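Residue numbers (the numbering used here), protein chains in the order written: chain A, 593 to 1230; chain B, 205 to 423. Beta carbons are placed, not taken as given, at the ideal position from N, Cα and C, and that holds for glycine. Bear in mind the structure is a predicted one, so any value in this text is a computation, not a measurement.
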Amino acid sequence: MKRGLLLIVFLCLPVLCQYAPTFCFANEAVGTETENKLLGDESDGSRAPSIHLIPLFFENEDGEKGGKISPDDDPLLPFSTRWTCGECHSYGIISKGWHFNAADPNVAPGRPGQPWILADGRTGTQIPLSYRSWPGTFKPEQVGLTAREFTRYFSRHTPGGAAGELETEDPDEIMREYISGKLEINCLSCHNAEFAHNQGEYFPQVVRENFRWAAAATCEFASVSGSARDMPETYDPFMPEPPEDAKKVPPGVKYDENIFDHENNVSFNIVREVPNHRCYFCHSNMYLDKEDAEKWTSDEDIHLTAGLKCVDCHRNGVDHNITRGYEGEASVSTNPLVTTSSCESCHLGVKDSSSPLAGRLGAPVPEHWGIPPVHFEKLTCTACHSGPWPSEKTILTKTSRAHRLGTLNANKSKEALPHIVAPVFAPESNGKIAPHKLLWPAYWATVEDQNVAPIAFATVTEAIVPVFSDVNRPTSGDWPELTTEHIAKGLKALAKSVKGTPAYISAGKLYKLNDSGTVSEEEHAAANPYLWPISHNVRPAAQSLGVRRCEDCHSTDAPFFFSKAAVDSPIVAARGVKPMVEFVKVRPFYTKAFAFSFVFRPWMKIIALGSSAILAGVLLLYALKMLACIAKVLTERD
Amino acid sequence: MFRTISIVAFAVTVGCLALNCITSPCKECWRHPLRKMVHLFTLLFIEQKLSLMGVLRKLVYLLALLCFVVLAVTGFYPTIILGEHISGYLMMVHATFSPIFAICLAVLAVMWASRCRFAYSDWPWFQRIVQRVTLVRSGEEESHCESSGLGQKMTFWLIIFLALPLILSIILSMFTLFGTYWQELLLDIHRYTALVFALVGIVHIYLVIRTQIQQYKAN
């Protein structure tokens, strides 16, 4: 009997062990994944800010909630946003928000957005990457980047989460992950209103693989030193021992002791409404339209100038499912404000709405004097109102995420890679023409039956860098000046490292070696440029296209149709321009002829008005005669 | 909506004209049809007996006719057949022919107005129309009169009258005078006026052909 009981207990042991953490940490789990609302998940309606005098918690070695942090702890661990903020805000729900769900394949990608760009002048690479299924982008794993590597390269300009929290399956990375921790959602990236919050510090921490420490490093009361990346795989951050190499500094955090109160609580200056400058860290654009382009030489978005905040339009609830604000977003978003957060909904209202919505937030209702309604069917609002004013040629553009703006030692040169050009007018998926930023992909690939697959970046680096060692690389960070001979050398080098036919993609063309050993080139869909729409900066109405006259767009040299879009490539011979009409996808001759017809439009107006005057005169004259006749007839009958 | 209305309107007009052919047949028209066709074709040429003004008048009339056909086809083909707005080359052709048509209409208005003015002899016909419409009997017998000449006059004046909103609605929309609401309204005015204009034009051409054939018989 006793033996049987022991047997049952023995058999049940694995099951009990499996669920033990759940039972033990059931209370903490409430703060993460369950549907029970926590204190901060739902507001009571008060618009007054909530005071965040809260304890700091660290994450323990099992990835669970650790203890409350005290300045006397040894070792002193970084606070975990998952467990600190997660005490009152459901971390699991928040992590499904737009800024954190890129790596979730079940999330609808929505309108194509700015990709992450893997740019490397040494190998002639500039390739758009995204975990979202945006046509024209590649998944990081397609270029051989694990989630961890992707995080190290690009999470500098994210609020954490997403790829930074993916579980690694690579045995080599498991121990590294234990040391570095996961890159949790950094709530402070957006919500910390403290002036001394330093988001720029995120970059060095991410590069050093101090993922666990990154959030603390950005906040005003903690400083982080050392590098998890330098630590051996045997290093245990929870029981740290000095590394053998004295030059290597283990990751560690120090808190300003004065910020802890008598109960070891810390006061955060947390705001629900994210300040604009927090958004700007990742969403700044710099259009290099002038020789001396600087941020002070250009204006901000007109909405910000008018006093609005980014989050006045881009809103979200606790699920952080923020509105992106484009037309048609309602089909992929569950945010209840999505239909009322586009340009049209604030400025023109929503058709069939039970209450008037036009004029929200003081949005002026546009009259669009003299603009034929067909323009609203064929153009997005941004076509006329957003981005830089189009000029004879597209201009280079720098963005926070592509050019590491706002971080230490960011390359300030205009020519720094990646090369993004703007504005390029092209139709969106709904057929409406919108201004876009454009990137010409340049990468090494293999070709099999017209299927092009990029080669892993590490393989490319290994094979190409030695081959291009004699190529002069500009200090500006611009492309090296390559020739087809260089490409031939690169292709031959890669042929030894990869299966299939190696190829190089650039400037809309695919280059590969032919039988004679020389490079042949052909147009290929895989080389098509990647475009994503420009939404900001919005220009004031008085600076919108067409405000002066129709010829802003409908003249034979109007940039809207006839500017030259730069074709970018490290291969000097491939550089050039393409007429904008090719991107707008209109017939060039027709567009030119239609634009030319506007030369005669004043004459047409004069002729039509003159003819109308004559017709009106004749009508009036004979109407009077008719009246006289009728009067005469009636008089005679009487 | 406009597409449906246009299709119905054109169908009804053509139907009415066909009905008119049946109920009030022009017997002469069906006698020697080939000869009549040749006669109609010869109307496109300038007669030698015409004076300089007559030649000019006929040229303008023919040019207006050509413009009318081109404008009607380019304007209604995309709407009725393709179900979309006018655009592309059709738009350009439409915009090219429209000022010529406007000039022709103005010239025709000046040249033909006197000929098409209503005369005292038209009064009984007006009376008859009024009686038929209002069903009021004056006790007198309905006087017989030749109505096709009056029909041409009526359609002529309707064409001149409709030309005004037709031209102005589209020209004014090209100035920065009207916002989106009024732009859409002007476009609707242009569309619907063009529809009525086209129908009146068709009736006018029908009456002209009928009259010409009858005159051929008389000659």
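Inset, instruction - Could you pull out every residue in the same chain whose Cβ sits closer than 6 Å to the Cβ of Ala1055 (chain A), ignoring the five residues on either side in sequence? - result: Ala1085, Leu1086 and Ser1089
Legend entry - the segment 1192–1204 of chain A touching the segment 364–375 of chain B, judged by at least three CB pairs closer than 8 Å: yes
Inset, instruction - Would you please verify whether the beta carbon of Gly962 (chain A) is less than 8 Å from any beta carbon of chain B? - result: yes
Inset, instruction - Name the residue from A:Pro1058, A:Glu1040, A:Glu833 and A:Arg1131 whose alpha carbon lies nearest to the alpha carbon of Gly979 (chain A). - result: A:Arg1131
Inset, instruction - Provide the residue span of the alpha helix (DSSP H) that contains Asn1003 (chain A), from first to last. - result: If you look at Asn1003 (chain A), you'll find it isn't in any alpha helix (DSSP H); DSSP assigns it neither H nor E.
Legend entry - Whole-angstrom distance between Trp1195 (chain A) and Thr415 (chain B), CA atom to CA atom: 38 Å
Legend entry - For Thr915 (chain A) and His906 (chain A), believed in contact at Cβ under 8 Å, the rounded distance: Yes, His906 (chain A) and Thr915 (chain A) are in contact; Cβ-Cβ is about 6 Å, under 8 Å.
Legend entry - is_contact[Tyr539 (chain A), chain B] using C-beta, thresh 8 Å: Look at the range of chain A in this structure, 593 to 1230, and you will see that residue 539 (chain A) is not part of it.
Inset, instruction - For the alpha helix (DSSP H) holding Gly353 (chain B), just list the boundary residues, first then last. - result: From DSSP, the alpha helix (DSSP H) with Gly353 (chain B) extends over Ser352 to Leu376.
Legend entry - Candidates A:Val1111, A:Glu741, A:Ser635 and A:Glu656, of which the one nearest Phe671 (chain A) by Cα: Out of A:Val1111, A:Glu741, A:Ser635 and A:Glu656, the CA that lies nearest to the CA of Phe671 (chain A) is found in A:Glu656.
Inset, instruction - Could you pull the start and end residues of the alpha helix (DSSP H) that Val277 (chain B) belongs to? - result: Leu256 to Phe280
Legend entry - is_contact[Ser1204 (chain A), chain E] using C-beta, thresh 8 Å: This model lacks chain E altogether, as its protein chains are A and B.
Legend entry - Close-in-space but distant-in-sequence residues of the same chain around Lys1101 (chain A) (CB under 8 Å, 5 per side omitted): Short of 8 Å from the beta carbon of Lys1101 (chain A), and not among the five residues preceding or following it, lie these beta carbons of its own chain, in chain order: Glu1113, Glu1114, Glu1115, His1116, Ala1119 and Ala1166.
Legend entry - Neighbouring residues, chain A, relative to Ser373 (chain B) (Cβ below 9 Å): Those within 9 Å of Ser373 (chain B) in chain A number zero; the least Cβ separation is about 10 Å.
Inset, instruction - Return no unless some Cβ of chain A is closer than 8 Å to the Cβ of Val412 (chain B). - result: No Cβ of chain A is located within less than 8 Å of the beta carbon of Val412 (chain B).
Legend entry - Classification of Val957 (chain A) by the beta-carbon crowding that lies within 10 angstroms, buried from 16 upward: Exposed.
Legend entry - Span separating the alpha-carbon of Cys320 (chain B) from that of Ala299 (chain B): 29 Å
Legend entry - Residue ranges of each alpha helix (DSSP H) within the segment 867–932 of chain A, 4 or longer: 868–875, 894–897 and 902–905
Inset, instruction - Might you give, ordered along the chain, the residues of its own chain that have their beta carbon closer than 6 Å to the beta carbon of Asn619 (chain A), omitting 5 neighbours on each side? - result: With a pLDDT of only 39 at Asn619 (chain A), under 50, the local geometry of the prediction cannot be trusted, and no value is derived from it.
Inset, instruction - Give the straight-line distance between the Cα atoms of Leu1211 (chain A) and Leu1219 (chain A), rounded to the nearest whole angstrom. - result: 12 Å
Legend entry - Identity of the residues DSSP links to His1028 (chain A) by a beta bridge: Its beta-bridge partners are A:Val1016 and A:Pro1125.
Legend entry - Contact set between the segment 388–403 of chain B and chain A, restricted to residues whose Cβ is under 8 Å from the partner: Glu388 and Leu391
Legend entry - Check: Gly1109 (chain A) C-beta below 7 Å from any heavy atom of the ligand COA: Because no ligand of any kind appears in the structure shown, any question about the ligand COA cannot be addressed here.
Legend entry - Run of the beta strand (DSSP E) containing Lys1170 (chain A), from where it starts to where it stops: That run of the beta strand (DSSP E) goes Gly1168 to Pro1171.
Inset, instruction - Could you tell me which chain A residues have their CB closer than 8 Å to the CB of Phe322 (chain B), listed as they occur along the chain? - result: The answer, in chain order, is Met1218 and Cys1221.
Legend entry - alpha helix (DSSP H) runs wholly inside the segment 746–782 of chain A, at least 4 long, in chain order: 763–772
Legend entry - Span separating the alpha-carbon of Leu929 (chain A) from that of Pro1027 (chain A): 25 Å
Inset, instruction - Reducing DSSP to helix, strand and coil, say where Pro1033 (chain A) ends up. - result: coil
Inset, instruction - Give, in chain order, every residue of the segment 273–295 of chain B whose Cβ lies closer than 7 Å to some Cβ of chain A. - result: Residues His289, Gly292 and Tyr293.
Inset, instruction - Determine, using beta carbons only, whether Pro763 (chain A) comes closer than 8 Å to chain B. - result: no
Inset, instruction - Take Asp891 (chain A) as the anchor and find which of A:Pro867, A:Asn1129 and A:Val1063 has the nearest alpha-carbon. - result: A:Asn1129
Inset, instruction - Check whether the Cβ atoms of Thr999 (chain A) and Arg748 (chain A) lie closer than 8 Å to each other. - result: Yes, the Cβ-Cβ distance between Thr999 (chain A) and Arg748 (chain A) is below 8 Å.
Inset, instruction - Pick helix, strand or coil for Gln1042 (chain A), following the three-state DSSP scheme. - result: DSSP, reduced to helix, strand and coil, places Gln1042 (chain A) outside both helices and strands of the structure shown, so it counts as coil.
Inset, instruction - Specify whether the segment 680–693 of chain A and the segment 992–1011 of chain A touch according to this definition: at least 3 beta carbon pairs, one from each stretch, less than 8 Å apart. - result: no
Legend entry - Per-residue burial, Tyr879 (chain A) [other beta carbons within 10 Å of its own, 16 or more giving buried]: buried
Legend entry - is_contact[Pro843 (chain A), chain B] using C-beta, thresh 8 Å: no
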